Amino acid sequence: MMKTLQISLLIGLLSPLFSVLSEPMKTPNHQTNFYQVSFNTYQAYCFIKINGIDYLDNLGSLTGSIATGGPISSILSNGENRISIEVASLTAPQNLSFTPDASCKVSIQVYNAKGESFVTSLVATADEKLGPTGVHSPLYQGDKAMGPVTERTVKMSVLHQLSRTFIATGLPKWTWTQATPFEESEQNIQKLKSKYQELQHLFANKNLDELAKAAYIAMDEQGSVQGYSAKEFWDSFDFKKEFANGASALPINWENQSLQSYLGGRLFRFTDNNGYSPLKLGFNDNESIVSYNPYFSLVNGQIVISR
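974 is the number of the first residue of the sequence shown in my numbering; add one for each residue after it.
Below, the structure is given as structure tokens:
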């Protein structure tokens, strides 16, 4: 069975933890607010989305029970943002009923020079009929700092979604917040494909210096709020080790690739039907694949890696 590990410049290694957080955590930059999410699940499958972007899930746990978290400042902007969780029972789709004590809890905290503060939270549990409910979420009806919890069944799926807005402040003006929305025209699609081909060529030549330059905006902005330099953040993805272990770039297969757009088109990428990037590294055993998953923005007419 082929194993695929996806590396995202958004949060690092998606499994089991983020690459940066696997090192001793540095002191965040207190000149800005530093937002962090905590994620706790018990006997349920759960997915987190931040502003519509897939951020974390617990599919790697057979029991549906994990406790983890990560930084989210880089995909927030000053003003209104949205957090969502989507939950399913461990026995779905055959049996949609949850165990009585199943739960999925996500909380956002903000850190700055004054200390730590609670921002918002979503809590999914099982109701008396063993269906999902969000009624135990703090301030379910909302207040000035967070919106009311909305609930719905995700179309064509077994997932139940909880969602709410919250206010973020004290963040830098990220490059992506000032980007031009990406329109799905033939010219733009071809330009994006050319950017992927350029990156694939750099991977094929194992040109890590040029790859680091291409990812500099993302590395600099994400690293800065966590106390890392752009180089330290880039090095945490450890492509050098992957190449030392025999990794080599695979040709891009454009079949089943579709454009994914976020935050009003200011972040975008291609993914296949399984959510993986066109950029993949294969190994000699033909059993493992590393998928490199950058997010792009259109800035001054140029497509750049911004997350």
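Cβ atoms here follow ideal geometry from the backbone N, Cα and C, with glycine treated the same way.
Predicted model only: the values in this text are computed from it and were never measured.
For residue i: DSSP bridge partner residues
| i | result |
| --- | --- |
| Asp-1245 | Asp-1245 is not bridged to any residue. |
| Gly-1043 | Val-1010 |
| Lys-1078 | Asn-1013 and Val-1096 |
| Thr-1106 | Thr-1098 |
| Glu-1059 | Phe-1020 and Gln-1134 |
| Leu-1069 | Leu-1069 pairs with nothing; no bridge assigned. |
DSSP-derived helix/strand/coil call for residue i
| i | result |
| --- | --- |
| Gln-1170 | helix |
| Lys-1204 | helix |
| Gln-1199 | coil |
| Glu-1228 | coil |
| Ile-1162 | helix |
| Thr-1148 | helix |
| Phe-1309 | This structure does not reach residue 1309, given that the chain is present from 974 up to 1280, and the question cannot be answered. |
| Gln-1275 | strand |
Burial state of residue i (16 or more Cβ within 10 Å)
| i | result |
| --- | --- |
| Asp-1030 | buried |
| Asp-1060 | Here residue 1060 turns out to be Val, not Asp, going by the sequence shown. Buried: at least 16 other Cβ atoms inside 10 Å. |
| Gln-1275 | exposed |
| Leu-1252 | buried |
| Thr-1014 | buried |
| Asn-1246 | exposed |
| Pro-1044 | buried |
| Gly-1237 | exposed |
| Ala-1086 | exposed |
| Gly-1042 | buried |
| Asn-1226 | exposed |
| Glu-1171 | exposed |
| Ser-1108 | The displayed chain sequence assigns Val, not Ser, to residue 1108. So Val-1108 counts as exposed. |
| Glu-1215 | buried |
| Thr-1153 | exposed |
C-alpha gap between residue i and residue j, whole angstroms
| i | j | result |
| --- | --- | --- |
| Gly-1255 | Tyr-1268 | 21 Å |
| Ala-1203 | Ile-1190 | 8 Å |
| Thr-1142 | Thr-1126 | 31 Å |
| Ser-1136 | Val-1079 | 11 Å |
| Val-1263 | Glu-1205 | 20 Å |
| Leu-1181 | Gln-1195 | 19 Å |
| Thr-1005 | Tyr-1201 | 14 Å |
| Pro-1224 | Gln-1230 | 14 Å |
| Leu-1095 | His-1174 | 42 Å |
| Ser-1038 | Gly-1120 | 28 Å |
| Leu-1271 | Asp-1074 | 45 Å |
| Ile-1021 | Gln-1134 | 10 Å |
| Tyr-1084 | Ser-1197 | 14 Å |
| Val-1122 | Tyr-1113 | 5 Å |
| Phe-1155 | Ala-1177 | 28 Å |
| Pro-1066 | Gly-1248 | 20 Å |
| Ile-1162 | Thr-1036 | 41 Å |
Rounded Cβ spacing between residue i and residue j (contact assumed at less than 8 Å)
| i | j | result |
| --- | --- | --- |
| Leu-1063 | Tyr-1018 | 7 Å |
| Ser-1046 | Phe-1007 | 6 Å |
| Arg-1242 | Ser-1250 | 7 Å |
| Trp-1207 | Ser-1050 | About 23 Å separates the two Cβ atoms, so there is no contact after all. |
Short CB-CB distance (under 8 Å) between residue i and chain C
| i | result |
| --- | --- |
| Val-1096 | Of the chains in the structure shown, none is chain C; there is only one protein chain. |
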